[in-house]
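K.L.:
Shown below is the structure under consideration.
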Amino acid sequence: MPIAPDPSVTWICHVYIQFSDQTSQWPYVLNQVDIIESIPPFINAVRKTNPRWKEFNTKVSKTFVVPYRREVGKFIFAFVNKYKDPKYYKQSEKRSQRLYPEARDQSIEFLTDLINLAELWQLDTFRNVMGYCIAQHFIDTNASIDEIGRYLGGEITTAQLEATIGKMRKEYAEGPKKPTLCFVPIKVRDTNTEFVKIPTRDHLVRMPYIFDMVRQLFPNWKTEPIKMAYPISLPYTKKQVNFFLDHIQDYDDPNNILEERRDTVYADVMKLPLHEMKVYLGFARFVKCRPFELAMRYVIKPHLKGLSREACNDLLKMTTD
Numbered sequence: 088m089p090i091a092p093d094p095s096v097t098w099i100c101h102v103y104i105q106f107s108d109q110t111s112q113w114p115y116v117l118n119q120v121d122i123i124e125s126i127p128p129f130i131n132a133v134r135k136t137n138p139r140w141k142e143f144n145t146k147v148s149k150t151f152v153v154p155y156r157r158e159v160g161k162f163i164f165a166f167v168n169k170y171k172d173p174k175y176y177k178q179s180e181k182r183s184q185r186l187y188p189e190a191r192d193q194s195i196e197f198l199t200d201l202i203n204l205a206e207l208w209q210l211d212t213f214r215n216v217m218g219y220c221i222a223q224h225f226i227d228t229n230a231s232i233d234e235i236g237r238y239l240g241g242e243i244t245t246a247q248l249e250a251t252i253g254k255m256r257k258e259y260a261e262g263p264k265k266p267t268l269c270f271v272p273i274k275v276r277d278t279n280t281e282f283v284k285i286p287t288r289d290h291l292v293r294m295p296y297i298f299d300m301v302r303q304l305f306p307n308w309k310t311e312p313i314k315m316a317y318p319i320s321l322p323y324t325k326k327q328v329n330f331f332l333d334h335i336q337d338y339d340d341p342n343n344i345l346e347e348r349r350d351t352v353y354a355d356v357m358k359l360p361l362h363e364m365k366v367y368l369g370f371a372r373f374v375k376c377r378p379f380e381l382a383m384r385y386v387i388k389p390h391l392k393g394l395s396r397e398a399c400n401d402l403l404k405m406t407t408d
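Add 87 to the 1-based position in the sequence shown for the numbering used here, that's all there is to it.
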């Protein structure tokens with residue numbers, strides 16, 4: 088196999104790639120070790136060629152034939168180690184920041200090539216990022232159902248759109264719409280002179296116990312103003328209710344958050360003493376907020392080591408103290 092000489096490069100290992108638009112007799116040479124390690128087919132081939140590749144110069148004899156343009160591959164090389172999975176970011180960050188700007192500036196055709204090549208190279212995180220960017224493209228351009236259907240290669244119903252792009256539009260839209268009135272006062276146990284207000288409809292729907300009461304009074308709650316004439320009582324203090332409302336949108340099911348990111352997302356509650364963690368576990372159960380409950384069980388779990396089953400059950404009982 089002909090190898091283009093490049094005396095300026097001191098290489099440790101080489102992987103050769105033939106892109107679809109390549110006219111030169113020389114294959115593209117990838118010699119950046121950090122990138123090679125990030126792409127499973129490449130690093131597997133390197134290890135198979137030489138198990139001690141970190142100690143000795145290694146050239147993979149196989150040329151990887153890629154049915155995509157060189158610029159698609161080079162884009163992946165440039166950002167595969169820079170782009171973090173969308174799960175890494177809080178919902179508030181997704182709404183306030185324009186994540187992955189380099190990818191979001193690309194055409195839908197280029198994004199499609201990127202997600203397909205990421206699939207070919209087994210790049211799960213990069214594939215998730217491209218899926219996010221494609222969904223954002225449809226949101227940003229206000230794509231019609233027909234346009235999305237053509238992209239997906241078939242017809243798509245309104246219900247399917249709501250379940251896919253509609254969900255992304257709701258959660259990740261960068262420019263929040265002007266909110267209509269949402270006034271739901273909460274009566275707390277430590278003061279009779281003031282109420283805590285639920286900030287937004289998004290907060291409201293995450294607490295089914297309260298949301299079910301509101302929905303009965305306001306069937307058109309999505310569009311009409313919500314103004315409760317009387318407060319809803321909760322057996323918690325003002326401080327506890329405010330803490331819960333401040334974190335309810337970010338404390339998701341741990342399975343939906345990257346493992347290395349969880350301690351950062353749950354940092355505020357992990358600083359609390361165990362008896363306060365137990366209070367918020369009870370709070371989540373009381374208002375039927377399952378994601379918050381799972382988050383609390385995750386942060387409490389390390390404290391259960393060494394305890395008997397009876398002690399664990401007692402610790403996890405609902406409490407307002």
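Yeah, the Cβ is synthetic: ideal placement off N, Cα and C, and Gly gets one too.
Check whether the region 295 to 306 and the region 338 to 350 touch, using three or more Cβ-Cβ pairs below 8 Å as the test.
P.N.:
With the cut-off at 8 Å, the region 295 to 306 and the region 338 to 350 do not touch.
K.L.:
By Cβ distance, which residues of its chain are closer than 8 Å to residue 349, with the 5 residues on each side in sequence left out?
P.N.:
Once the five neighbours on either side are set aside, the close Cβ partners of residue 349 are 341, 385.
K.L.:
Can the beta-carbon of residue 223 be found closer than 9 Å to that of residue 153?
P.N.:
Cβ atoms of residue 223 and residue 153: not closer than 9 Å.
K.L.:
Using three-state DSSP, classify residue 273 as helix, strand or coil.
P.N.:
Residue 273: strand per DSSP, three-state reduction.
K.L.:
Output the distance between the C-alpha atoms of residue 109 and residue 145, rounded to the nearest integer angstrom.
P.N.:
Going from the Cα of residue 109 to the Cα of residue 145 covers about 24 Å.
K.L.:
Should residue 380 go down as buried or exposed, given a rule of 16 or more other Cβ atoms within 10 Å for buried?
P.N.:
Buried.
K.L.:
Over what stretch of residues does the beta strand (DSSP E) that includes residue 100 continue unbroken?
P.N.:
Unbroken beta strand (DSSP E) run through residue 100: 100 to 105.
K.L.:
Just to confirm my understanding: we take residue 174, look at its own chain, exclude 5 residues before and 5 after, and list those with CB closer than 8 Å. What are they?
P.N.:
If we look at residue 174 and ignore the five residues flanking it on each side, its Cβ neighbours are 215, 343, 344, 345, 348.
K.L.:
Report buried or exposed for residue 143, applying the criterion of at least 16 other Cβ atoms within 10 angstroms of its Cβ.
P.N.:
Exposed is the call here.
K.L.:
Assign residue 393 to one of three DSSP states: helix, strand, or coil.
P.N.:
In this structure, residue 393 counts as coil in the three-state DSSP scheme.
K.L.:
Go to residue 324, then tell me how far its alpha helix (DSSP H) extends in each direction, as first and last residue.
P.N.:
No alpha helix (DSSP H) contains residue 324, which DSSP labels as neither H nor E.
K.L.:
Helix or strand or just coil, what does DSSP make of residue 388?
P.N.:
It is helical.
K.L.:
Using 8 Å as the cut-off, can you tell me whether the region 283 to 296 makes contact with the region 369 to 376, which would need three or more C-beta pairs spanning the two stretches below that distance?
P.N.:
Contact holds: three or more Cβ-Cβ distances are below 8 Å.
K.L.:
Specify the secondary structure class of residue 268 as computed by DSSP and reduced to three states.
P.N.:
Correct three-state label for residue 268: coil.
K.L.:
Check each candidate in 282, 357, 283, 204 and name the one with the smallest Cα separation from residue 389.
P.N.:
Per the Cα distances, 357.
K.L.:
For the beta strand (DSSP E) holding residue 457, just list the boundary residues, first then last.
P.N.:
Coverage of the chain is limited to positions 88 through 408, which leaves residue 457 absent and any answer about it impossible.
K.L.:
Is the beta carbon of residue 286 sitting closer than 9 Å to the one on residue 332?
P.N.:
Yes, the pair counts as a contact, with Cβ atoms nearer than the cut-off.
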